[in-house]
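Asks: Numbering (mature numbering (1 follows the signal peptide of the UniProt record, and there is no 0)), first residue to last: -18 to -1, 1 to 759.
The beta carbon of each residue, even a glycine, is placed where N, CA and C say it ideally should be.
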Amino acid sequence: MAKLAGLGLLLSAIPALAVIATVNSPCLSICGGTQKTVDGELICNDGDYNSTVKGLTMKNCLLCESTSTTYSTQFDSDIYWFIFNQKYTIQVCVYEDSPSASLSPCESQCLPLKPVFETLWWGNNVSLYNYCTQNSNAFPTYASGCSECLRGKAGSKVMGNFMDNMASACKTQPNATKGETVTLARPLFDLSVATNSTATSTATTTGMSTPTSSPTSTSSSSSGLSGGAAAGIGVGVGAGVILIGAFVWVLFRRRRRAAQQPPSMYPPAAPGGGQEYAHAMQQEAAPPGDAGYLISHLHFSASSSPTILSLSNDEMIPESAITALKSQLRSAKVYTADSEGYHNTLQRWSDTGSKPAGIVVMPADSEDVRAALLWAQEHHVDLAVKGGGHSVAGTSSSDGGLVIDLSLMKSVSVDPAAKTVTVGGGATWKEVDEAAAQHGLAAVGGTVNHTGVGGLTLGGGYGWLSGQYGLTIDNLLSATVVLASGQTVTASATENADLFWGLRGAGYNFGIVTSFTYQAHEQTNPVYAGLLAFPPDKVEQVIEQLNLTLENPDPRSGAICIFAQPPGAPGPMVNVIVFYNGSQEQGEKRYAGLLALDPVVNTTTMIPYSQLNALQNPMATYGGRKSFKGVFFHPPLAPAFARSMLADLTARLQAEPDLAASALLLEFYDMRAICAVPREATAFASRSSTQNGLINLRWTDARKDAEHRAWAREMQARWKTELDARVQEGVPQYINYAEPGDSVVNNIYGENLGRLQELKAKYDPNNVFHKMHPISL
């Protein structure tokens, strides 16, 4: 069986969609990593951005670039290529693809801009914003009308959005070298109906065709643009499609042998970071306190959640209340529905997690957090806190209420002497990993590094280093918390120790954490890590070998088994990410049993620890509709049952092709360091040898939401019946994988519930913080 060592060669082994990004950008891998475009494969039709591999990849690339501040020079930055990619797509799709069909009925509005889009304005030392003033300021004159008409034309709303965002960039002209980003005029892929009814009706009655996803260019540029000018497009892997699995399937069929290269570890940028992927599970049915558009008649009680007395979708937060809030804030950014950039603040990692907030506040310090928090209670407005926006159910969003978005509070400071890292509440694990690595240190953090620190920490936190150092909360030294009362306190072993106890495992319930201080650990050596992939008929052999790693534990190792279906494959394959905190020789010895099974792909190599937590990023891309359901097992996992789990997933994906990007994850960690901490020492009740798993569904059709979630619950319940018998102690389910209503245990807090209820009554008696696993009184 041919092996491929090196994820870098995997990228070149198959054709892949590539939209240009800055070479050192965290968006590079999700954008495809090449710098050549093929005009005939640009994405033009609205529907293709959510239904095709190429479209999903381009969508996620642009979403990543829209928030990235990476740059090499003023003329080579993600802002530059974000604008260029939209400009070039419009150029080809609207002006070069069968122009009469592409423009009709918008000729009068859009033709004056054709010379602007056909001008070769990219290249070295060419101002990004030259297009704003070309042809006698044609762009600011005609862009709005052209955009409105395109948005009223079937299949062309995204082109209109691109036009609007280019116009927005003209107004603000952000500079990447100053850390600025483009303020979006509207969400990039918003397909809501345009207000221009004339354009809509005309487009419908003319019978003209809309642009296709594979236009044929008629201009001289059809031969393609190379180098830094290109928005490369190929056939490839898309957002949420399991990139690793795609590589596996292609290579499994081609059986090619290639030389070893280091893997690509760049993560997609996260708008504001996020809750930990697969480590900050959110409930999918909105909790009772979030049922409303605006909770203006909200009665807070000491129950499990606020109770709505009356509610009308016509109600809005009064302008006087918003004015009052703004007057109380010092340096926060404030967004309402009529603000420029408002729609960008609503974007979340999953499309299922976005809700239209009544107001969004981005505080820069704890004082502004306090002011916004007190204002929400005074005006009886529903409250949500966004750390990184990875909630699949929208618990970091509010329908009509207030979102306190911590995106601006993402500082990271390292004390090398004390070996501590202090992190703002809006920071991501990537930022923590990179800052600590500069001092030869590492923290126990999430295994997907573009997510936020808050969600993972407050629910416990498993990571690759947990075998050596325990959970993230076991390494938490202190936290700064803004309480419902408005008081800002420090929680640690010596200050507010009861609150510190509750934060470590049930932290969603007590306040807004604006900073965390962690104990870091020496990590100067590279680590052995990578992907081993196997055909599905080897699932039992793979599980047997993974069971052996638990029977003979090594705290320096860990593995995650992933059943995932590559595009074009008949079903999911068996992928294992392995890790060993030691030399390559030690790693290969540790996983000799797996290596002897002759994996079709082997990307294992030595990498810096700071890159380790990017290994799962290709499966954690932005966009699409997502659902998580936690499962668990007490080792050893029966190989035959694992085969049945794979069969269940295979059958479902064959019946529902829209679920092709879904996966099942099973973790194999050494739990001894975690179990060395008594269960009563923190609020975290899941300290046992039980291992965690996750049903991770992803789809695009919103009409299937209930059906797909119901299937996941059925599978969760069936697996629970098998796995329950093997549980020995503690609460078996990891709280960050559990959802109220979907939890496989009746009491997620276990023996700690009574003490937690006392803390809830003390620190949040009115249940202001009710979004995630609220504690009932």
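1) Over what stretch of residues does the alpha helix (DSSP H) that includes residue 760 continue unbroken?
2) Use the C-beta contact count for Arg661: other C-beta atoms within 10 angstroms, 16 or more gives buried, fewer gives exposed.
3) In this structure, does DSSP put Met653 in helix, strand or coil?
4) If you check the beta carbons only, do Tyr317 and Val342 fall under 8 Å apart?
5) From Ser332, Arg625, Thr632, pick the residue whose C-alpha is nearest to that of Val521; which is it?
6) Closest by CA to Asp381, which one among Lys337, Pro300, Ala125?
7) I believe Glu733 touches Ala667 by the beta-carbon criterion, under 8 Å. Please report the beta-carbon distance rounded to the nearest angstrom.
8) Please name the residue in Lys611, Val471, Glu567 whose C-alpha comes closest to that of Met697.
9) Sorted by chain position, which residues of the same chain lie with C-beta nearer than 6 Å to Glu649's C-beta, five sequence neighbours on each side aside?
10) Let's test the definition: count the other Cβ atoms within 10 Å of the Cβ of Pro8 and tell me whether it reaches 16, buried, or not, exposed.
11) Which of the three DSSP states, helix, strand or coil, is assigned to Trp681?
12) Measure from the alpha carbon of Asp397 to the alpha carbon of each residue in Ala419, Lys412, Ala633, Glu162, then state which is nearest.
13) According to DSSP, is Leu619 part of a helix, a strand, or is it coil?
14) Give the single residue among Gly564, Gly484, Leu619 whose Cα lies nearest to the Cα of Asn529.
15) Under the assumption that Gly452 contacts Val426 (Cβ atoms under 8 Å), give the Cβ distance between them as a whole number of angstroms.
16) Looking at C-alpha atoms only, which residue of Leu44, Thr71, Val74, Cys75 is the closest neighbour of Ile61?
17) When DSSP labels each residue in this structure, what does Lys401 get in the three-state scheme?
18) Using the rule of at least 16 other Cβ atoms within 10 Å of the residue's Cβ for burial, across every protein chain shown, is Gln598 buried or exposed?
19) Going by beta-carbon coordinates alone, are Leu307 and Gly484 separated by less than 8 Å?
20) What residue from Ser126, Glu100, Ser129 has the CA that sits closest to Gln116's CA?
21) Please confirm whether Leu38 and Tyr31 have their CB atoms less than 8 Å apart.
22) Under 8 Å by Cβ, that's how I've got Met601 and Ala637 pegged, so tell me the actual separation to the nearest angstrom.
23) Going by Cα to Cα distance, which pick from Ala354, Cys26, Gln593, Val556 is closest to Gln527?
24) So, for Gly340: in the same chain, excluding its five sequence neighbours on each side, which residues have a beta-carbon less than 6 Å away from its beta-carbon?
25) Can you check which of these residues, Asp519, Asn42, Ile656, is closest to Leu579 by C-alpha distance?
26) For a cutoff of 8 Å on Cβ pairs, would you count Thr159 as touching chain D?
27) For Phe610, which residues does DSSP report across the bridge?
28) Comparing alpha-carbon positions, which option in Ala475, Ala692, Thr429, His503 lies nearest Ala511?
29) Return the Cβ separation of Thr506 and Gly437 in integer angstroms, given the expectation that the two are a contact with Cβ distance under 8 Å.
30) On the three-state DSSP scale, how would you describe Leu45?
31) Grouping DSSP H, G and I as helix and E and B as strand, with all else coil, what is Met391?
32) Please state whether the Cβ-Cβ distance between His325 and Arg133 is less than 8 Å.
33) Determine the direct distance from the alpha carbon of Lys392 to that of Lys153, and round the result to whole angstroms.
34) Only counting the same chain, and skipping five residues up and downstream in sequence, which positions put a Cβ closer than 7 Å to that of Asp630?
35) Quick one: what's Ala546 bridged to in DSSP?
36) Looking at the structure shown, is His503 part of a helix, part of a strand, or coil, going by DSSP?
Replies: Quick answer:
1) Residue 760 cannot be examined here, being either before or after the span of the chain that is shown, -18 to 759.
2) buried
3) coil
4) yes
5) Arg625
6) Lys337
7) Approximately 6 Å separates the beta-carbon atoms of Glu733 and Ala667; this is inside 8 Å, confirming the contact.
8) Lys611
9) Ile542, Gln673, Asn674
10) buried
11) strand
12) Ala419
13) Note: Leu619 maps to coil in three-state DSSP.
14) Leu619
15) Taking the Cβ atoms as the reference, Gly452 lies roughly 7 Å from Val426, within the contact range of under 8 Å.
16) Leu44
17) coil
18) Gln598 is buried by the Cβ-count criterion.
19) No; because the gap between Cβ atoms is not below 8 Å, this pair is not in contact.
20) Glu100
21) Against a cut-off of 8 Å, the Cβ pair of Tyr31 and Leu38 comes out as a contact.
22) No, Met601 and Ala637 are not in contact; Cβ-Cβ is about 22 Å, not under 8 Å.
23) Val556
24) Leu276, Ile299, Gly382, Gly383
25) Asp519
26) No chain D is part of this structure, which consists of one protein chain only.
27) Asn678
28) Of all alpha-carbon atoms in Ala475, Ala692, Thr429, His503, the one lying nearest the alpha-carbon of Ala511 is that of Thr429.
29) Their Cβ separation, rounded to whole angstroms, is 29 Å, which puts Thr506 and Gly437 out of contact at 8 Å.
30) Reduced to three states, the DSSP call for Leu45 is helix.
31) coil
32) no
33) Near 27 Å, if we compare the C-alpha coordinates of Lys392 and Lys153.
34) Met697
35) Met555, Ala645
36) strand
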